[in-house]
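Structure first, commentary second.
What follows is the structure in structure tokens.
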């Protein structure tokens, strides 16, 4: 996670993160942490599964418009259709679990469970992707995160009620599905296609999956207020339509391994905003679990945690 002077290779990739990249990453993690709070707020006025489906449909329109503006080719035959549908289904079900789970548990607890995803990816990559086997540092990070999850489940002070355990479990399943989505992308033809096309697969298919299923989960509209509209608009217009563009720009200009090491900040901001904006209880057990999960994410994503293949 070093930041400092950098060299630039022939592809325009900088060797290190500079202050611009570091500050931008902190900003992105802040926005992604706030996103869980916005989902929780939007759930007050919109049924969770319906909310996700509409968000992805609107997000797909915005992303498609961006691709047309940039003249990014989306419809050439490149062997990505089937894996694209697969990641879209995984993505849709994953977010269905997140939004539905946050109907039962707090945003602070939910974000800790959802951001165990990097460990699912690291463990899956260890067995499925040549060149991404973890060493002792990576496995130590996994162990820390596992301890953090156990602590959250045992924490009664931040538990709003017995039903919150159901929401916790849904968020944990969502983390597994998110990790599976990443593994599919890394092990199929999607790994070499344009990131905008991969994102469109996810948004379009997720909307197709979630919108028809949403009537099964109750009335679409609950109690729509200006705050609910603002929270939903933040998800569509900013999280989907802005932060992804910033992230893609970073990926094109900086080493991916150093970028992902910042993801540990997202659950930190999520817990912070849950406490500050929603008044959710933040116990010492939840804070300890947050530290363990965040430290685990950092250790797993350090370049030194991956055993490089012999040259």
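In the working numbering, the protein residues as written are 79 to 389.
Even glycine gets a Cβ: it sits at the ideal position worked out from N, Cα and C.
- In summary, residue 110 is buried, with 16 or more beta-carbon neighbours lying within 10 Å of its beta-carbon over all protein chains present.
- When secondary structure is reduced to three states using DSSP, residue 160 falls in the helix class.
- Between the beta-carbon of residue 108 and that of residue 347 there is about 5 Å, and that keeps the pair under the 8 Å contact cut.
- Within the same chain, no Cβ atom closer than 7 Å to the Cβ of residue 146 is found once the five residues on either side in sequence are excluded.
- Cβ contact annotation for residue 181 (same chain, cutoff 6 Å, sequence separation greater than five): 121 and 126, in chain order.
- By the Cβ rule, the region 305-324 does not count as touching the region 153-165, because fewer than three pairs are nearer than 8 Å.
- Sixteen is the threshold: when 16 or more other Cβ atoms of the shown chains lie within 10 Å of the Cβ of residue 158, as they do, the residue is buried.
- DSSP links residue 299 through a beta bridge to 124.
- Taking every protein chain shown into account, the CB of residue 362 has fewer than 16 other CB atoms within 10 angstroms, so this residue is exposed.
- It is roughly 39 Å from the alpha-carbon of residue 238 to the alpha-carbon of residue 98.
- Burial is judged here by how many other beta carbons sit within 10 angstroms of a residue's own beta carbon; residue 102 has at least 16 and is buried.
- Around residue 319, the same chain offers 140 as residues with beta carbons nearer than 6 Å, after the five sequence neighbours per side are excluded.
- Across the set 163, 144, 175 and 100, the C-alpha of 175 shows the shortest separation from the C-alpha of residue 114.
- Remark: C-beta atoms of residue 232 and residue 360 do not approach each other more closely than 7 Å.
- When DSSP assignments are scanned along the region 240-320, no uninterrupted stretch of beta strand (DSSP E) that is 3 or more residues long falls wholly within it.
- For residue 187, DSSP records no beta bridge to any residue.
- When secondary structure is reduced to three states using DSSP, residue 149 falls in the coil class, being assigned neither helix nor strand.
- Take the alpha-carbon of residue 350 and the one of residue 270: they are about 36 Å apart.
- Distance check between residue 207 and each of 163, 371 and 264 places 264 closest, using alpha-carbon atoms only.
- Setting aside the 5 residues that flank it on each side, residue 241 is surrounded in the same chain by 182, each with a C-beta closer than 6 Å to its C-beta; the list follows chain order.
- Residue 94 is bridged by DSSP to nothing; it lacks a bridge partner.
- Three or more Cβ pairs closer than 8 Å define a contact, and the region 196-207 falls short of that threshold against the region 129-139.
- Residue burial annotation: residue 367 is buried, with at least 16 other C-beta atoms found within 10 angstroms of its C-beta.
- The criterion of a C-beta distance shorter than 7 Å is satisfied by residue 283 and residue 163.
- At a Cβ-Cβ threshold of 7 Å, residue 124 and residue 179 do not count as neighbours.
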